[in-house]
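For the sequence shown, numbering that gives the first Met the number 0 assigns the number 0 to the initial residue and increments by one for each residue that follows. From the three backbone atoms N, C-alpha and C, an ideal C-beta is built for every residue, glycine too. Model, not experiment: these values are computed from the prediction. To start, the structure itself, in structure tokens.
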Amino acid sequence: MKRAIRTLLQGLLALAGLATLIVSVAGYLADYRYLELLADFRPYYLAFAIAGLAAAIALGWRTGNPRLWFCSVLSFGTALAINGREVIPWLLPSGAAPAAGTVTDPLGIIYFNLEASNRNFNKVRSWLEDAGADVIVLSESVDPWPEELAPLEKS
């Protein structure tokens, strides 16, 4: 009876491992919008792979079905490697960080909705020039706005 329960647990672990592996790989299919959403859960897949691998090792291959044990260890181990490759670099400190007390220049970004019906070309142009932003994003920039704001491209 104990052996049957262990075999059942190993079977469930093997299915969970395969499911974790499938969703981990499916996250790389960026051509399919809904499958790409699976990539957002990589930290959870990593934690689940660690727990599943630990459970599979704890059950041991001698006490149940060795094929199920091998399948669960292989699938959880592969899911661990795939997701670890993506998640672990975010957890480690990077060497490119500025030293403590170092002042860095902030990046100035302006998002401006021009509104197609707006005809205050001079006011908008002077405001954008005075703002001195590094990046300017303009929405609704339909004719004649591109021609009116062309001098800003040169500065």
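query: Using DSSP with H/G/I as helix, E/B as strand and the rest coil, what is Asn112?
result: Residue state, collapsed to three classes: strand.
Three-state secondary structure (DSSP) of Ser93: Note: Ser93 maps to coil in three-state DSSP.
query: Per DSSP, what kind of secondary structure is Leu8 in: helix, strand or coil?
result: helix
field: Through-space distance from Arg124 to Ser116, alpha-carbon basis
entry: Approximately 16 Å, taken between the alpha carbons.
query: So, are the CB atoms of Leu127 and Leu151 less than 8 Å apart?
result: With a cutoff of 8 Å on beta-carbon distance, Leu127 and Leu151 are scored as near each other.
- prompt: Any idea if Ser23 is buried or exposed, counting beta-carbon neighbours within 10 angstroms, 16 or more meaning buried?
  reply: Counting other Cβ atoms within 10 Å of its Cβ, Ser23 reaches 16 or more and is therefore classed as buried.
field: Residue range of the unbroken beta strand (DSSP E) whose run includes Leu137
entry: Val134 to Ser138
- prompt: Can you name, in chain order, every residue of its own chain whose Cβ lies under 8 Å from the Cβ of Thr19, other than the five neighbours on each side?
  reply: Tyr44, Phe47, Ala48, Gly51, Ser74, Phe75 and Ala78
query: Taking Cβ to Cβ, would you say Glu146 is nearer than 8 Å to Glu114?
result: Contact flag unset, no.
- prompt: Can you check whether the CB of Pro42 is closer than 8 Å to the CB of Val86?
  reply: yes
query: Going along the chain, which residues of its own chain have a beta-carbon closer than 8 Å to the beta-carbon of Arg5, five neighbours each way excluded?
result: Leu58, Thr62 and Gly63
- prompt: Once you ignore the five residues that flank Ala132 on each side, which residues in its own chain have a CB closer than 8 Å to its CB?
  reply: Here the set comprises Gly107, Ile108 and Ile109.
message: What would DSSP say about Tyr27, mapped onto helix, strand or coil?
response: coil
message: So for Gly76, helix, strand or coil by DSSP?
response: helix
- prompt: Is the CB-CB distance between Ala13 and Cys70 below 8 Å?
  reply: yes
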